[in-house]
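Novice: Just so it is clear: in the sequence shown, position 222 is 222 by full-length UniProt numbering, and no numbers are missing.
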Amino acid sequence: MFTDFLPTLAIALSLGAALGFFGGLFGIGGGIIAIPLLVLAFGMEQPLAQGTALVMMAPNLLIGFWRYCQRQPLSLGSTLSIGLSSTLVTWLVAGFANRLDPALLRLGFSVFLALLGLHMLWRRERPAAADGSQPGLATLAGVGAVGGCSMGFLGIGGGLLATPLLAGLGVRQVVAQSLALALVAPSSLAALASYAGAGRVDWHMGLPMALGGLMTVSPGVALAHRLPERRMRTAFALMLVLAALWLAVGGSRSH
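Here it is in structure tokens:
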């Protein structure tokens, strides 16, 4: 009955709202949190959890990208360069990734994320371009390829890798997050279509999560543009370390 579904509906809306806000704030989809949570708290199989999380992630990523571009427009060349390279590499790597141990991949990725976050916290800050300028197209394609490798192997993490790489090149934090969204948004749509076609989506859980996220992603983007550059980079670095710990613990328990 509908009344029996109300508690799950409330949880899904709240979870989606929280992930949507932080996704908008940091320019990520939230899958690195949502997928282990759906496995551990709701007993979903890993593929079903990934497909369900994508129902929330795909629209949130698109709205987040649109909101970031309203405040800091990207050139068409930059968007296509990072987006197409990531999508192509994701597709190429995904087939190879099926032969590898996913638990080992996640552990390695979590260690890398933690090191990346600690590096962002402790390194001497490189001055960011005040005018919001972006790297060359070849550099963006390379960053897109790195993010595509992560998404191909794990289905997550493209934006988490791209943002610190771009920030390390002197790109402003909010511009780096906007470019990271251009990287992951196309791949999320393609992945959602694939999971939905295979019947690996729990729409009763995914749609309320998406609705909750759509209500909060824009405030998250707005806050990202109000915070000082140094504070945003510190917050992102701490988020990387926490995400690494969550992925290591949650990922190991879900296999």
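All C-beta atoms in this analysis are idealised placements derived from N, C-alpha and C, irrespective of residue type, glycine included. All values reported here derive from a predicted model rather than from experimental measurement.
Have a look at G158 and A190 and give me their C-alpha separation to the nearest angstrom.
Specialist: Rounded to whole angstroms, G158 to A190 spans 14 Å at the Cα level.
Novice: Is it buried or exposed, Q70, if we count other Cβ atoms within 10 angstroms and call 16 or more buried?
Specialist: Under this definition Q70 is an exposed residue.
Novice: For L76, count the other beta carbons within 10 Å of its own beta carbon; 16 or more makes it buried, fewer makes it exposed. Which is it?
Specialist: exposed
Novice: Runs of 4 residues minimum, wholly inside the region 164-217: which ones carry the alpha helix (DSSP H) assignment?
Specialist: 173-197 and 203-214
Novice: Which value, in whole angstroms, describes the spacing of the CA atoms of Q46 and L166?
Specialist: 30 Å
Novice: Rounded to a whole number of angstroms, what is the C-alpha to C-alpha distance between N60 and G170?
Specialist: 26 Å
Novice: So I35 is in the alpha helix (DSSP H); what residue range does that whole segment cover?
Specialist: Run containing I35: G31 to F42, per the alpha helix (DSSP H) assignment.
Novice: From V249 to L48, what does the alpha carbon distance come to, in whole angstroms?
Specialist: 19 Å
Novice: Count the other C-beta atoms from every protein chain shown that fall within 10 angstroms of the C-beta of residue 330, then say buried if there are 16 or more, exposed otherwise.
Specialist: Past the edges of the chain, shown from 1 to 255, lies residue 330, and the structure says nothing about it.
Novice: Would you please state the rounded distance, in angstroms, between the beta carbons of L113 and A243? I believe it to be under 8 Å.
Specialist: Cβ atoms of L113 and A243 come within 8 Å of each other, at about 6 Å.
Novice: Tell me which same chain residues have a C-beta within less than 7 Å of the C-beta of L116, skipping the five on either side of it?
Specialist: P164 and L240
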